[in-house]
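Residue numbers for the sequence shown follow this note's numbering, beginning at 4 and rising by one.
All remarks here apply to the structure that follows.
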Amino acid sequence: HEQESWRVRDNFRDQNHMELGLIQPEVPEPDPDADEEQGRITEVEHRRHWIDSHALPLVQHAALVSEEHIGSGIVAVEEDEEQEVNIDERLQREGGESGVVQISLAWDDYNDLDLHVFTPSGERIYFNNKMSDCDGILDVDMNVRPVSNTPVENVVWKEQAPLGTYKIGVHFYKHHRKRRTKKKCKFRLRVITHGKTKEYVGQMKYGQAMQMVTSFTLSELTKEGSGF
């Protein structure tokens with residue numbers, strides 16, 4: 004019964020995502036001869052215009068999605084399982100920071116996935132709100148322009164993170180057709196809290212509602228147990 008009721012809610016979220024007009028039109032494959040920097044500027048500009056007109060619908064959708072704690076097909080994996088994705092290498096390449104709380108998303112194609120972190124205060128860190136009032140920061144945001152097939156995104160609290168419950172969502176923002184990139188995208192999420200690591204794998208398809216991957220709670224006990 005629980006699985007069936009979850010499916011009903013998931014279908015409702017997909018419907019909500021579509022009705023709010025949050026599905027991006029497909030992007031034609033970029034001209035290989037086009038100026039890369041100009042292309043990036045154009046894409047960033049396009050996203051800025053998009054969020055200007057879709058900020059409120061995205062807030063409404065995120066509020067609905069955040070009622071769930073975990074998405075479909077999300078699997079927690081042991082840290083010592085064979086790593087298909089080296090998240091640390093990617094973060095080093097992009098200048099991503101580490102800290103007392105670090106949430107990193109990695110995937111293996113040119114699509115644009117977006118990391119959304121709901122903080123204990125209810126504020127949401129994502130590409131249009133990169134720094135929260137509680138000192139969380141999105142310091143790596145990739146594939147607005149499809150430049151990498153080994154992208155990573157990173158949200159970090161460097162020194163102090165607020166106590167309370169955090170929720171983590173992933174949104175399939177845009178399907179880039181570069182090099183026949185598929186409409187289905189597997190991802191890996193890593194959560195580090197006060198030195199303790201958990202990893203999750205999942206997949207999404209283009210047009211699907213934002214998925215809640217996991218949630219966790221920081222308490223005084225969490226901090227004491229870690230020696231912080």
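Just so it is clear, CB atoms sit at the ideal spot from N, CA and C, and this is done for glycine as well.
- Beta-carbon contacts of Val68 that lie in its chain and below 7 Å, excluding the five residues immediately before and after: Scanning its chain for C-beta atoms nearer than 7 Å, with the 5 sequence neighbours on each side dropped, one finds around Val68 the residues Arg16, Gly172, Ala212, Met213, Met215, in chain order.
- Which residues DSSP lists as bridging Leu108, in chain order: Glu156, Leu192
- What are the boundary residues of the alpha helix (DSSP H) that includes Gly42? 39-68
- Task: State yes or no: is the C-beta of Thr220 within less than 9 Å of the C-beta of Gly139?
- Result: no
- At a cut of 8 Å, does the stretch 187-195 reach the stretch 149-157 through at least three beta carbon pairs? no
- Message: The beta strand (DSSP E) that contains Gln214, what's its start and end?
- Response: 214-221
- Query: How many angstroms separate the CA atom of Leu25 from the CA atom of Leu59?
  - Reply: 11 Å
- Query: According to DSSP, is Gly230 helix, strand or coil?
  - Reply: Caution is warranted here: a pLDDT of 46 is assigned to Gly230, below 50, making its placement in the model unreliable, and no coordinate value can be reported.
- Query: Closest to Arg96 by CA distance: which of His4, Val155, His57, Tyr176 is it?
  - Reply: Val155
- Task: State buried or exposed for Val47, treating a residue as buried only when at least 16 other CB atoms are found within 10 Å of its CB.
- Result: exposed
- Task: Could you name the residues of the same chain whose beta carbon sits closer than 8 Å to that of Gly98, not counting the 5 residues immediately before and after it, in chain order?
- Result: The residues Asp142, Val143, in chain order, have a CB closer than 8 Å to that of Gly98 in the same chain once the five nearest residues on each side in sequence are set aside.
- List the endpoints of the continuous beta strand (DSSP E) containing Leu118. 115-121
- Item | Identity of the residues DSSP links to Asn132 by a beta bridge | Tyr129
- Message: Looking at the ligand SAH, does it come within less than 8 Å of His20, judged from the CB to the closest heavy atom?
- Response: No copy of the ligand SAH appears in this structure; indeed no ligand is present at all.
- Among Ser218, Glu223, Ala37, Tyr176, which has the Cα closest to the Cα of Pro28? Nearest Cα to Pro28 within the set Ser218, Glu223, Ala37, Tyr176: Tyr176.
- Using DSSP bridges, identify the partner residues of Thr200. Its beta-bridge partners are Ile195.
- Between Asn157 and Asp115, which are expected to be in contact by the criterion C-beta below 8 Å, what is the C-beta distance as a whole number of angstroms? That belief does not hold up - the Cβ atoms of Asn157 and Asp115 are roughly 15 Å apart, past 8 Å.
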